[in-house]
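Visitor:
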Amino acid sequence: MNNSNLIMFLIFLIPFTSCKQKEVDGIIIGETLFVHQNYQENQQMIELIERVLQKESDALAELAEFQCGGGAGCYDLGYIMTQIIYRIGEEEFIQLTKSFDTKTRQNLFGLIGAGLEYFDHNNDGLSDDKKVWEEFPELFEALNGKQTISAIQ
26 MNNSNLIMFL IFLIPFTSCK QKEVDGIIIG ETLFVHQNYQ ENQQMIELIE
76 RVLQKESDAL AELAEFQCGG GAGCYDLGYI MTQIIYRIGE EEFIQLTKSF
126 DTKTRQNLFG LIGAGLEYFD HNNDGLSDDK KVWEEFPELF EALNGKQTIS
176 AIQ
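In terms of our numbering, the sequence shown is residues 26 to 178.
So this is what it looks like as structure tokens:
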């Protein structure tokens, strides 16, 4: 293969090897977060999601602190979290959070709240508008210590 053919081959190959992924094993990355990620950030997020689905606690902590850009991008990160909870189950998710510090727990709580409130998990075309303490009461208690549900309502 001469140099010009090699260059043409690489030019053709680069777009296919540098495509971002919008879905990871059925977990959807929301539009705002996806659009504002560069390829490297997208690959990092994909790896973290895969590791969380394999039930790696440190990956969940990293994902909870992932740079989401604020605003709608962070709501999208919350949607990722809630999809993961539905996938692996509330109890398994709680187990992954056992060693988290207060800051990570609070951040995770906020993300999950946004994911439940603003996204459509039941595919009815409407935002679910759910609350953490209603949808995941055991997780709510695990993330908030012994605080009672009635105190937050």
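For each residue, glycine too, the CB sits at the ideal point set by N, CA and C. Please read these numbers as outputs of a predicted model, since none were measured by experiment.
What does residue 52 pair with, by DSSP beta-bridge criteria?
Guide: DSSP output for residue 52 lists 49 as bridge partner(s).
Visitor: Report the three-state DSSP secondary structure of residue 176 (helix, strand or coil).
Guide: Note on residue 176: pLDDT 44, under 50, position unreliable in the model; the coordinate value appears next. The answer is helix: DSSP assigns residue 176 an H, G or I state.
Visitor: What three-state label does DSSP hand residue 81 in the structure shown?
Guide: Coil, per DSSP.
Visitor: Hey, could you find the ends of the alpha helix (DSSP H) residue 102 is sitting in?
Guide: Its alpha helix (DSSP H) spans residues 97 to 113.
Visitor: Would you mind giving the Cβ-Cβ distance between residue 78 and residue 113, rounded to the nearest angstrom? I have them listed as a contact below 8 Å.
Guide: Between residue 113 and residue 78 the Cβ distance is about 7 Å, and since that is below 8 Å, they are a contact.
Visitor: What would DSSP say about residue 152, mapped onto helix, strand or coil?
Guide: If DSSP states are grouped into helix, strand and coil, residue 152 belongs with coil.
Visitor: In terms of residues, what are the limits of the alpha helix (DSSP H) holding residue 94?
Guide: Taken as a continuous stretch (DSSP letters only), residue 94 belongs to no alpha helix (DSSP H), as it is neither H nor E.
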